[in-house]
Amino acid sequence: MLEVFPDVLDTLAELKRRGVRLAVVSDAWPNLPDLHEGLGIRDYFEVYAISAVLGCEKPDPRMYHHASTGLGLKPSECLFVDDLPGLVSAAMALGYKGRALCRTAATDQVPSIMSLTELLELV
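The numbering of the sequence shown is our numbering, which starts it at 45 and goes up by one.
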């Protein structure tokens, strides 16, 4: 069963209202967009970089670049958010800005946030 955290819908709606363009970079199944549709969040994302479709997994640079290229943005114009600090670090090494989403405890490995609503302070 999939469900979204309580902060997800309001944050995605506010990011969209502000004109922030979003992509998903995920080591996931090809049907992830359909799953997102069922959760009511599909329309917030313009691009999907899905490992099962691209044939590689994060931290392969192709995953990150597929998303930013699909949005027509340079890495330096993108903020990559992941719950694994090592994957955020990999994105930052490629020139992306990054935040680790650490819902229970912040990390000192990379810049982190504890809630998606904190993204609203960054854009």
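Note that beta-carbon positions come from the ideal geometry of N, C-alpha and C, so glycine has one too.
- With respect to the 7 angstroms criterion, Val-97 and Pro-129 are not classified as neighbours on the basis of their beta carbons.
- Using a Cβ distance threshold of 7 angstroms, Leu-131 and Pro-119 do not count as a contacting pair.
- Asp-51 carries a coil assignment under DSSP once its states are collapsed to helix, strand and coil.
- Boundaries of the alpha helix (DSSP H) harbouring Ala-134: 129 to 137, taken from the DSSP string.
- Contact annotation: Pro-77 and Tyr-92 have beta-carbon atoms nearer than 7 angstroms.
- Secondary structure note for Asp-78: its alpha helix (DSSP H) is the uninterrupted segment 76 to 83.
- With contacts defined by Cβ atoms closer than 7 angstroms, Ser-70 and Ile-94 form a contacting pair.
- Where Ala-93 is concerned, the enclosing beta strand (DSSP E) starts and stops at 91 to 94.
- Closest in C-alpha terms to Ser-156, from the list Leu-145, Leu-163, Pro-50, comes Leu-145.
- Comparing alpha carbon positions, the residue from Thr-148, Glu-162, Glu-47, Leu-59 closest to Leu-83 is Glu-47.
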